[in-house]
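Each step along the sequence shown adds one to the number in our numbering, with nothing skipped, and position 147 is 147. Built from N, CA and C at the ideal position, the CB exists for glycine as well. None of the values given here were measured: they were computed from a predicted structure. First comes the structure, then the notes that go with it.
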Amino acid sequence: MAKLCVNIDHVATVRQARRISEPDPVAAAVLAELAGAAGITCHLREDRRHIQDADVFRLKEIVKTRLNLEMAAVPEMLDIAEKVRPHMVMFVPERRQEITTEGGLDVAGNFERVREATLRMKAAGLLVSLFIDPEPSQIEAVVRCGADFLELHTGAYANAVGEKARRAELKKLVESAAYAQRLGIRVNAGHGLNLRNVMPVAAIRGIHELHIGHSIVAHAVLVGFERAVREMVESIARAEQLAVNYSPEEILALHSA
Ligand code: PXP
């Protein structure tokens, strides 16, 4: 069954709006775990717009499941990862002007740099995941890099307008997950997933983890953090049950009906 890792960055976004101590992303991580999250993810951005260095160290102390540290593959962040020692490092591309992570990492186009960073983290005993668009050349590059996981960028699927476009993006995710598994690498997925679009992705065979942040925090503002996480865990579990009899594409069709 796909497991839910909750990204708590946007709890820190609300805090940073006032530069005070509330709401605390560490408290949100505890509630997420109580509600059934299998892991906690945070993204330490170079511009420190939400999560701060101290948060990462506090999360490492408090998180009981596992902590994933999302970051750019740059020397400053590699040094921090070696000090924090999260369960897994997730390399993502980063541009200062972007509102959120826009595209996947171009592993094929920056092969030596990404491979070097991957090997450094692995030498430190950390698992490594590379966040990529669902494309065969990127999947092959991740495998050659020696990473442990790849994370399929689900943003194009989440943002697709109309059933035909959504179906086409889902097909890319299904085929990419199958290809990656044939090449022997483990697959996660995330970005832009919410209660309305998560089920077809959760039904894709062999996906280990779904990394979901913004929609859970947005829902939590209205209904509370534990309930927001629990509802997502339940949707993922329901998708797994449906996947026994239905393909991801059929689940998408059932949902759009
Ligand atoms: N996975 C990765 C690699 C990301 O960069 C993000 C955004 O921080 C997510 C998953 C979660 O995306 P969202 O906040 O849209 O759920």
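Distance cut-off 7 Å: residue i Cβ against heavy atoms of the ligand PXP
i, result
"residue 150", "no"
"residue 192", "yes"
"residue 39", "no"
"residue 57", "no"
"residue 212", "yes"
"residue 43", "yes"
"residue 131", "yes"
"residue 92", "yes"
"residue 106", "no"
"residue 197", "no"
"residue 68", "no"
"residue 247", "no"
"residue 53", "no"
"residue 79", "no"
"residue 176", "no"
"residue 215", "yes"
"residue 159", "no"
"residue 47", "no"
"residue 324", "Residue 324 lies beyond the residue range present for the chain, which begins at 1 and ends at 257; the question has no answer from this structure."
Exposure label - residue i; buried when at least 16 CB within 10 Å
i, result
"residue 132", "buried"
"residue 76", "exposed"
"residue 111", "exposed"
"residue 104", "buried"
"residue 217", "buried"
"residue 57", "exposed"
"residue 45", "buried"
"residue 281", "In the structure as shown, the chain begins at 1 and stops at 257. Residue 281 is therefore absent and cannot be evaluated."
"residue 47", "exposed"
"residue 138", "buried"
"residue 18", "exposed"
"residue 90", "buried"
"residue 254", "exposed"
"residue 185", "buried"
"residue 55", "buried"
"residue 176", "buried"
"residue 155", "buried"
"residue 259", "Since the first residue of the chain shown is 1 and the last is 257, residue 259 is not available in this structure."
"residue 165", "exposed"
Beta-bridge pairing of residue i - partner residues as DSSP gives them
i, result
"residue 164", "Beta-bridge pairing links residue 164 to no other residue."
"residue 129", "90, 149"
"residue 3", "209"
"residue 43", "70"
Near the ligand NAP: residue i beta-carbon under 7 Å from a heavy atom
i, result
"residue 146", "As for the ligand NAP, it is missing from this structure, which binds only the ligand PXP."
Test: residue i CB closer than 8 Å to a CB of chain C
i, result
"residue 29", "This model lacks chain C altogether, as it is built from one protein chain only."
Going residue by residue through the region 183-232, where are the continuous beta strand (DSSP E) segments of at least 3 residues, counting only ones entirely within it?
Every beta strand (DSSP E) stretch that sits fully inside the region 183-232 and reaches 3 residues is listed by chain position as 186-190, 207-212.
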